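K.L.:
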Amino acid sequence: MHKFYSHGKLLLSAEYAVLNGAKALALPTKLGQSLEVKTIEQAEIRWKSFDHKNKLWFETNLTINNFNPSTNTETAHRLAQIFRALFELNPKVFASTGLEFSSHLEFPQNWGLGSSSTLVNNLAQWANVDAFTLLENTFGGSGYDIACAQNAQPIVYQRQNSTPLIKIVDFDPPFKDQLFFVHRNQKQNSREAIARYNTLKTTQTLDFSALNAITEALLVATTLEEFEVLISKHENLVGALIQHPPLKTTHFADYPGAIKSLGAWGGDFFLATRTNTQYFMDKGYNTIVPYGVMVV
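Structure (C-alpha cells):
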C-alpha cells in the first residue's frame, strides 16, 4: 500500500487577481486529505471517499480501460475525468491489473479548504505527474491551492506566463492570537466564481501593483493596526476589481475590527481581527477557528 498527503489552503491576498499574475499570500492549513492506494487482482478501479468523521460518503468503480464509472453522479463523472487526465499524462501507472483507492478528508467538505486540490495533488503524487498540469487539465484555476497542498509553510504564489512561482515565506504575525476564521455557513463554487470573474476582467485595467505591494507589506506587518489597514485597503481594491462591495460593508458594518474575504467572495471562510468572536456567534456564525489552530 502507498499513502500520500496534501495540505488544505486559504488565500489571504490577491484573490481573483492571482489568476492574472498578481502575487498572492497563501496559507497551507493543518488539515488536509490523505490517499491510500493498493493493487488488487480484479481488473477495475475501486474508489472510496471518507469524510472528516471517517464516514463513507462516496463510492464507485471505474473500468480500467476507459474509466467509465459504475455510478451516474456528478462526483463519479468528475473522478473519471481526473483519471482520464492522469492516463494522458502517464499511462504506465495503469499497467497493473486493478487498483483500490481510499481518500480520507480531514476537514468538513463545506469548509472550502481544498477537497478538490488536495485530491488532485494526491493523485498526481501517486501517478508521478505534475500536479499543476493535472489541475489545468481538470478543474483549472491559478494553482495556488496545489502549491499549498505541497508545502507546510506560508507561501507567496505567482503565475508568470502560466508557470507557477512559489516562494516559501516566514509569515508568523506576532498578533496572530487576534486573528480568527469564521465560516459563512455556505459553500462557494470556485469554478463558478472564476468564470464570473473572467467575464469581468476584460473591462478592467489589470494593474496589480497595489495588490502586490499589499501582499509584500502583509509579510512584514508588526502590529495588528497596520495589518488591519492593509487588509481593509485590499478589500476595497478587490471589490472594485470584481464590482462587488466588501463583506464588512454588506454584513458587518458595526464590527470594530477588520474583515477580509478569503478566496472566492461569497462563501467559505473569512478572516476577522480582534477577539470579538461572540459578535459573530450572536449572528449565527458558529464555526470559528483561531488562526493558530487553522494554519500550519
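First residue of the sequence shown: 636, per this note's numbering; consecutive thereafter. Glycine included, C-beta positions come from ideal geometry on N, C-alpha and C. Please read all numbers here as calculations on a predicted model, not as lab measurements.
(1) Do Y792 and V653 come within 8 Å of each other at the CB atom, strictly closer than that value?
(2) According to DSSP, simplified to helix, strand and coil, what is H712?
(3) Taking the alpha-carbon positions, what's the S669 to T910 distance?
(4) Do three or more CB pairs link the segment 889-901 to the segment 859-877 at distances below 8 Å?
(5) Using the Cβ count rule (16 or more neighbours within 10 Å means buried), how would you classify A888?
(6) Grouping DSSP H, G and I as helix and E and B as strand, with all else coil, what is G927?
(7) Since L645 sits in a beta bridge, which residues does DSSP pair it with?
(8) Is the separation between the beta-carbon of Q607 and that of G733 shorter than 8 Å?
(9) DSSP three-state call for R611: helix, strand or coil?
(10) Starting from Q677, follow its DSSP beta bridges and name the residues at the other end.
(11) Tell me which same chain residues have a C-beta within less than 7 Å of the C-beta of A856, skipping the five on either side of it?
(12) Since L660 contacts F806 with CB under 8 Å, what's their CB separation in whole angstroms?
(13) Might you give, ordered along the chain, the residues of its own chain that have their beta carbon closer than 6 Å to the beta carbon of G656, omitting 5 neighbours on each side?
(14) Output the distance between the C-alpha atoms of P704 and F816, rounded to the nearest integer angstrom.
(15) Counting C-beta neighbours from all protein chains within 10 Å, is the total for H642 16 or more, i.e. buried, or is it exposed?
P.N.:
Here's the rundown:
(1) Yes, they are a contact pair.
(2) DSSP places H712 in helix when its eight states are reduced to three.
(3) The alpha-carbon atoms of S669 and T910 are separated by roughly 33 Å.
(4) With a cut-off of 8 Å on Cβ pairs, the segment 889-901 is in contact with the segment 859-877, counting three or more such pairs.
(5) exposed
(6) helix
(7) L662
(8) This structure cannot settle anything about residue 607, because the visible part of the chain is limited to 636 through 931.
(9) With the chain covering 636 to 931 only, the question about residue 611 has no answer from this structure.
(10) Answer is none; Q677 lacks a bridge partner.
(11) Excluding residues within five positions, the ones whose Cβ falls inside 7 Å are P808, F862, L865.
(12) 7 Å
(13) R794
(14) 37 Å
(15) Residue burial is scored here from C-beta neighbours: H642 has at least 16 other C-beta atoms within 10 angstroms and is therefore classed as buried.
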